[in-house]
Structures are given as C-alpha cells and as structure tokens.
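Visitor: Residue numbers for the sequence shown follow the UniProt record's numbering, beginning at 1 and rising by one. The beta-carbon is built from N, C-alpha and C at its ideal position, and this holds for glycine as well. Mind having a look at this structure? Questions to follow.
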Amino acid sequence: MFDDLETAMATIIAVFQKYSERDGDKHKLKKSELKDLLHDELPDLMAHVKDQSTLDSLMDSLDADGDSECNFQEFMRFVSMVTVCCHEFFEHEDD
Ligand SMILES: [Ca+2]
Ligand SMILES: [Ca+2]
C-alpha cells in the first residue's frame, strides 16, 4: 500500500480527537488535555519539557486566537513545527 501519508493524517486527527473529547469543548484541547496528549503521544519530546512553566509558554505560543484552548488548526501548527525540527535534526545527522 502507498497510503502512508493518508494514514499519518488520519492518525493525527484521531489523536487530537481522542484527547480533545475528554473534557469541556470536544473540539479543543484545554491545557490538561494538551498535557496528557504530549505526555502519552510524544514521550521523547516531553522528556525535555519537565517543568510547568515550559508547558505554559508552549500553550501560550500555540494559542493563536487567545481563547486558552488549542484548536485543531493550532495543534497542526505545532505538529508541523515539531516535524520540521525533527526533519532538520535528521538532515544534520548525515553531515
Ligand atoms: Ca476538550
Ligand atoms: Ca486557541
């Protein structure tokens, strides 16, 4: 099968919904939902984000519309940012 990217897109949507539906607005991640998502789905990354203030500033930088929640567009901006960083990291691995 050649649908890896489609699968990846569907996975991103499913992961977002799994956490956004837990509490309050079903279509947005509040800070506690975002925290659980990052801990469970990005454990390697979260190993570098140990303190609450880092999480707070991450949430603030993601929250483009200032409603203190992370909607799917804001989440996607974060996922693409992290993915680009990972890509750059692996590119430099070959240098
Ligand atoms: Ca929610
Ligand atoms: Ca927001």
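Do the stretch 18-31 and the stretch 61-78 make contact, defined as three or more Cβ pairs closer than 8 Å?
Guide: Yes, the stretch 18-31 is in contact with the stretch 61-78.
Visitor: Count the other CB atoms within 10 Å of the CB of Glu74; is the residue buried (16 or more) or exposed (fewer)?
Guide: It counts as buried.
Visitor: Does the beta carbon of Arg77 fall short of 7 Å from some heavy atom of ligand 1?
Guide: For ligand 1, not one heavy atom lies less than 7 Å from the Cβ of Arg77.
Visitor: For a test of the three-state rule: what should DSSP assign to residue 116, helix, strand or coil?
Guide: Any question about residue 116 goes unanswered here, given that the chain covers just 1 to 95.
Visitor: On the DSSP bridge assignment, give the partners of Leu62 in chain order.
Guide: Paired residue(s): none; Leu62 is not in a bridge.
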